[in-house]
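Numbering (the working numbering), first residue to last: 10 to 386. All residues carry an ideal CB built from backbone N, CA and C; glycine is no exception. Input: a single structure, listed below in structure tokens.
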Amino acid sequence: MSGIYIHIPFCKQACHYCDFHFSTSMGKKGAMVAALRKELRLRKDEFNDEVVETIYFGGGTPSVLETEEIQSIIDSVYDNYKVAGDPEITLEANPDDLSTGKIMALAKSPVNRLSIGIQSFFEEDLKLMNRAHNASEAENCIREATAYFDNISIDLIYGVPDMDNERWKHNIDKALSFGIPHISSYALTVEPQTALASFIKKGLVKNVDDEVAQAHFYILSETLEAAGFESYEISNFGKPGYFSKNNTAYWQQKKYLGIGPSAHSYDGVRRGWNINNNPKYLRAIEKGELPMETETLSVTDTYNEYVMTGLRTIWGVSLSRIASDFGENYREYALMQAEKHLRDELLHIAGDTLLTTKKGRFLADGLASDLFMVNLG
């Protein structure tokens, strides 16, 4: 199983918390679509006999593209790669782009999954984040989308300054009221060089509170699990049959090709990343060059990534796989480092698999870093 990620580097406006690569100028949108199609052609040999099972339009805001532009990119995938008979094709979208006409057009296209960036159903939260949509657009677009799409995910952000437990619970309940089968939810983080970081530094906005975020996470987990969702990864909750194939492939370290400025790729041995500059990306692709840097992962790098991704998921970390793929000394090291967290009931071992407990789930990244190896080849 492998996937293709396509980065659409345009947004109508900059969210205050976002440090992803994008431009608010749409002047080069047509040229970018042409460049994405050309990069797909230039890199087709990288996948050889791989069968593409997921195509994921991320960003940025992919829904700023016309449906015809999206179709042309999908056509380029089919023209240059072996694609499964029923691939999962996801489009990230913002509510303000999802008019009835746009939803109907997308429903007739090969796109079969929508990931909608709701973030909150409350006006004050949306204004704080500088989202391009309002609360009524958030609700209306989900109502419209569910009439045409079965496979829908929405994003929600928790740990927002001044968001109490009651407001967060209302956000979750509102999401559940639409009957959608997948929710991705993330703690608000303060990234350097963002507007949010500046506002907090100037005292205009309260800083995020880790304890509040942790409380919100447990409310989220308990509420969604009671509603029939499974937390297959810390930030991803799906009903049976609706786990994101794209997300699952990433967390299980499958191969993926990243197309577009700032997009990352992974082939099991090497990681690559495209330049995060639109004009330089366009110039390089126009000349038939790939504006990409790569690194070959060491055994230790690969082990650390396996631990990091595994502990975030319901599939955990296989101790026998550590021994077979990396060496018995890595397995012994992982168990030694895990010992304290096993005693504190933040980790547990089920058969051959090391997993986080419910108590440890929110702390998975920190627990994983304690198991990282830094001194072996």
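Distance, Cα to Cα, residue i vs residue j?
| i | j | result |
| --- | --- | --- |
| L385 | L344 | With a pLDDT of only 48 at L385, under the threshold of 50, the placement of this residue in the model should not be trusted; the figure read from the coordinates follows. Distance between the alpha carbons of L385 and L344 is about 16 Å. |
| S34 | K21 | 8 Å |
| N121 | M41 | 23 Å |
| D159 | K210 | 43 Å |
| Y265 | A235 | 33 Å |
| I15 | R352 | 43 Å |
| I98 | R50 | 19 Å |
| K111 | G68 | 18 Å |
| V217 | D164 | 19 Å |
| V61 | C24 | 32 Å |
| M382 | L213 | 41 Å |
| K289 | N57 | 28 Å |
| S271 | K178 | 35 Å |
| D88 | Y251 | 28 Å |
| K215 | R280 | 37 Å |
| G269 | E48 | 8 Å |
| S85 | I125 | 24 Å |
| D358 | R330 | In the sequence on display, residue 358 carries Ile and not Asp. For I358 and R330, the distance between alpha carbons rounds to 14 Å. |
| A196 | I83 | 32 Å |
| H30 | N283 | 11 Å |
| T70 | I17 | 6 Å |
State buried or exposed for residue i, treating a residue as buried only when at least 16 other CB atoms are found within 10 Å of its CB.
| i | result |
| --- | --- |
| Q128 | buried |
| R46 | buried |
| G387 | The question about residue 387 has no answer, for the chain in this structure spans 10 to 386. |
| M172 | buried |
| N103 | buried |
| D106 | buried |
| T303 | exposed |
| V169 | buried |
| E298 | exposed |
| V316 | buried |
| N180 | buried |
| M113 | exposed |
| R140 | buried |
| S333 | exposed |
| V73 | buried |
| E101 | buried |
For residue i, report the span of its beta strand (DSSP E) as first-last.
| i | result |
| --- | --- |
| F226 | Here F226 belongs to no beta strand (DSSP E); instead the alpha helix (DSSP H) covers D219 to A235. |
| V92 | K91 to A102 |
| E75 | E75 -> no beta strand (DSSP E), and no H or E assigned at all. |
| K215 | Premise fails: K215 is in no beta strand (DSSP E) and is neither H nor E. |
| I192 | H191 to A196 |
| K264 | K264 to I268 |
Excluding the 5 residues flanking residue i on each side, which residues of the same chain have their C-beta closer than 6 Å to its C-beta?
| i | result |
| --- | --- |
| G237 | K248 |
| D276 | K264 |
| D388 | Only positions 10 to 386 of the chain appear in the structure, and residue 388 is not among them; the question remains open. |
| A204 | H25 |
Give the range of the alpha helix (DSSP H) segment to which residue i is assigned.
| i | result |
| --- | --- |
| T311 | V308 to L320 |
| L51 | K38 to L51 |
| T410 | Past the boundaries of the shown model lies residue 410; the chain is included only from 10 to 386, so the question cannot be answered. |
| T63 | Where T63 is concerned, there is no enclosing alpha helix (DSSP H), although the beta strand (DSSP E) it sits in stretches over V60 to G68. |
| I112 | T109 to K117 |
| L380 | A373 to L380 |
| Y290 | N287 to E295 |
| I4 | The chain is shown only over 10 to 386; residue 4 falls outside these bounds and no answer can be derived. |
| I209 | A204 to K210 |
| S186 | N174 to S186 |
| K254 | K254 to W260 |
Quick one: residues in its chain with C-beta nearer than 7 Å to the C-beta of residue i, no 5 flanking neighbours on either side, listed in chain order?
| i | result |
| --- | --- |
| L376 | L320, H350, L355, L356, T365 and G369 |
| Q80 | S118 |
| N143 | E132 and L135 |
| N256 | E242 and N245 |
| M301 | G281, W282 and N283 |
Going by DSSP, name the residue or residues bridged to residue i.
| i | result |
| --- | --- |
| T305 | R279 |
| Q128 | L165 |
| M350 | Before going further, note that residue 350 is His rather than Met in the sequence given. For H350, which the question treats as bridged, DSSP gives no partner whatsoever. |
| V326 | L363 |
| E239 | G247 |
| Y87 | Answer is none; Y87 lacks a bridge partner. |
| I13 | I64 and L266 |
| S81 | Looking at the DSSP assignment, S81 forms no beta bridge with any residue, so it has no partner. |
| S32 | F19 |
| R122 | T99 |
| S392 | Not covered by the structure: residue 392. The range shown for the chain is 10 to 386. |
| L356 | T365 |
| H273 | W282 |
Can you give me the Cβ contacts of residue i inside the same chain, cut-off strictly under 8 Å, excluding the 5 residues immediately before and after it?
| i | result |
| --- | --- |
| T155 | I161, F187, G188 and I189 |
| E314 | Q262 and L306 |
| I323 | E239, S240, Y241, E242 and L364 |
| Q223 | F371 |
| K361 | First, the amino acid is wrong: residue 361 is Asp here, not Lys. Only S327, L328 and S329 meet the Cβ criterion. |
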